[in-house]
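Here the sequence shown stands for residues 16 to 244, where the numbers follow this note's numbering.
Beta carbons: idealized from backbone N, C-alpha and C, even for Gly.
Since this is a predicted model, take the numbers as computed values, not measurements.
Working notes for the structure below.
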Amino acid sequence: MTHNKINCLIVDDELSSQKVLEHFVRDTDVLDLKAICNNASEAFKHLQLHNNIDLLFLDINMPKQSGLDFYSSLKHPPKVIFTTAYPQYAVEGFEVNAVDYLLKPISYERFLTAIGKIVQQREQHNTNDNFIMLKENKALHKVYFKDVLFLEAFGDYVKVVQKEKTIVTHSTFTKLIESLPEGFLRIHKSFSINLAHLSLLSGNQITIDDYTLPIGQTYKQKVLSALKY
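Below, the structure written as structure tokens:
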């Protein structure tokens, strides 16, 4: 929906970098590109005239005024993701509370990681952490915890199974389940379930919707305690 989109501004003096970022932004549904500026002066003028910018993609090494100096000079700055070909600027970038720091040449996958951070920061206080941003291939998915049936370890990936679809995301199982809210229960070394969707417990198996999952022996007592069995 349009009113939930993140209004962004690209500030970069290199045409090739502008084109890459523009392409990435156009391919990312949560973003709405408002303008492309060639330097800090143009960006400043745009921000003076428009108060609807949520995010800057800001190059650090620009003529006349660096991106770092420009951003530090703003009284009410938007969120910022710095872009540069020079890794030595990374520490300075994070000192001004940058959301992320993208090193050129930028891959779309790395770009999506940065956008995932800004989406979660932006919506966290309104949503009570009721969703998670997951990458699958070159797409970024917003998944509400209430819609998740269960998670399954799948090698170097995790299957996030919902009623309508399954997302396979690159992550360790342990790392992903640590981000789950209350209401999820690990029942096996390879499975964590959403208790809201549990329909049957029988022996060493649990039924979630149309799926029957095993209960690991080391998790059995924990499962029974959680279900007050």
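query: Any idea if residue 131 is buried or exposed, counting beta-carbon neighbours within 10 angstroms, 16 or more meaning buried?
result: Counted from its first residue, the sequence shown places residue 131 at position 116. Buried, by the Cβ-count rule.
query: Would residue 46 be called buried (16 or more neighbouring beta carbons within 10 Å of its own) or exposed?
result: As a first step, residue 46 must be located in the sequence shown, where it is residue number 31. Buried, by the Cβ-count rule.
query: Helix, strand or coil: which one does DSSP assign to residue 22?
result: On the sequence shown, residue 22 is found 7 positions in, with the first residue counted as 1. In this structure, residue 22 counts as strand in the three-state DSSP scheme.
task: Could you name the residues of the same chain whose beta carbon sits closer than 6 Å to that of residue 7, not counting the 5 residues immediately before and after it, in chain order?
output: Only positions 16 to 244 of the chain appear in this structure, which leaves residue 7 out of reach.
- prompt: From which residue to which residue does the alpha helix (DSSP H) around residue 177 run?
  reply: Start at 1 with the first residue of the sequence shown, and residue 177 comes out as number 162. Careful: residue 177 lies outside any alpha helix (DSSP H), inside the beta strand (DSSP E) at 172-177.
field: Where the alpha helix (DSSP H) through residue 167 begins and ends
entry: The count along the sequence shown starts at 1 and reaches residue 167 at position 152. Element bounds for residue 167: not the alpha helix (DSSP H) but the beta strand (DSSP E), 163-169.
Simplified DSSP state of residue 234, which is helix, strand or coil: The residue you call residue 234 lines up with position 219 of the sequence shown. If DSSP states are grouped into helix, strand and coil, residue 234 belongs with the helices.
- prompt: Span of the alpha helix (DSSP H) holding residue 192?
  reply: The residue given as residue 192 occupies position 177 in the sequence shown. Where residue 192 is concerned, the enclosing alpha helix (DSSP H) stretches over 188-192.
Among 20, 82, 206 and 207, nearest to residue 26 - alpha-carbon criterion: Residue mapping note: residue 26 aligns to position 11 of the sequence shown, counting from 1. Out of 20, 82, 206 and 207, 82 has the C-alpha closest to the C-alpha of residue 26.
- prompt: So what does DSSP say about residue 50, is it helix, strand or coil?
  reply: Mapped onto the sequence shown, residue 50 falls at position 35. In the structure shown, residue 50 sits in a strand (DSSP, three-state: E or B).
For residue 232 and residue 224, the rounded distance between their alpha carbons: The residue you call residue 224 lines up with position 209 of the sequence shown. The residue you call residue 232 lines up with position 217 of the sequence shown. A direct Cα-Cα distance of roughly 22 Å separates residue 224 from residue 232.
Contact between the stretch 29-42 and the stretch 84-92 (3+ Cβ pairs under 8 Å): Touching, no.
- prompt: Measuring CA to CA, which of 35, 80 and 214 is closest to residue 119?
  reply: On the sequence shown, position 104 is the one that residue 119 refers to. Closest in alpha carbon position to residue 119, among 35, 80 and 214, is 35.
- request: Let me know the beta strand (DSSP E) ranges lying completely inside the stretch 38-91, each 3 residues or longer, listed in chain order.
  value: Taking only runs of at least 3 residues, the beta strand (DSSP E) segments lying wholly in the stretch 38-91 are 46-52 and 70-74.
field: Through-space distance from residue 44 to residue 20, alpha-carbon basis
entry: Along the sequence shown, read from residue 1 onward, the residue named residue 20 stands at position 5. Along the sequence shown, read from residue 1 onward, the residue named residue 44 stands at position 29. Cα-Cα distance, rounded: 8 Å.
- request: Using the Cα positions of residue 58 and residue 136, report the straight-line distance between them to the nearest angstrom.
  value: Start at 1 with the first residue of the sequence shown, and residue 58 comes out as number 43. Start at 1 with the first residue of the sequence shown, and residue 136 comes out as number 121. Cα to Cα, residue 58 sits roughly 23 Å from residue 136.
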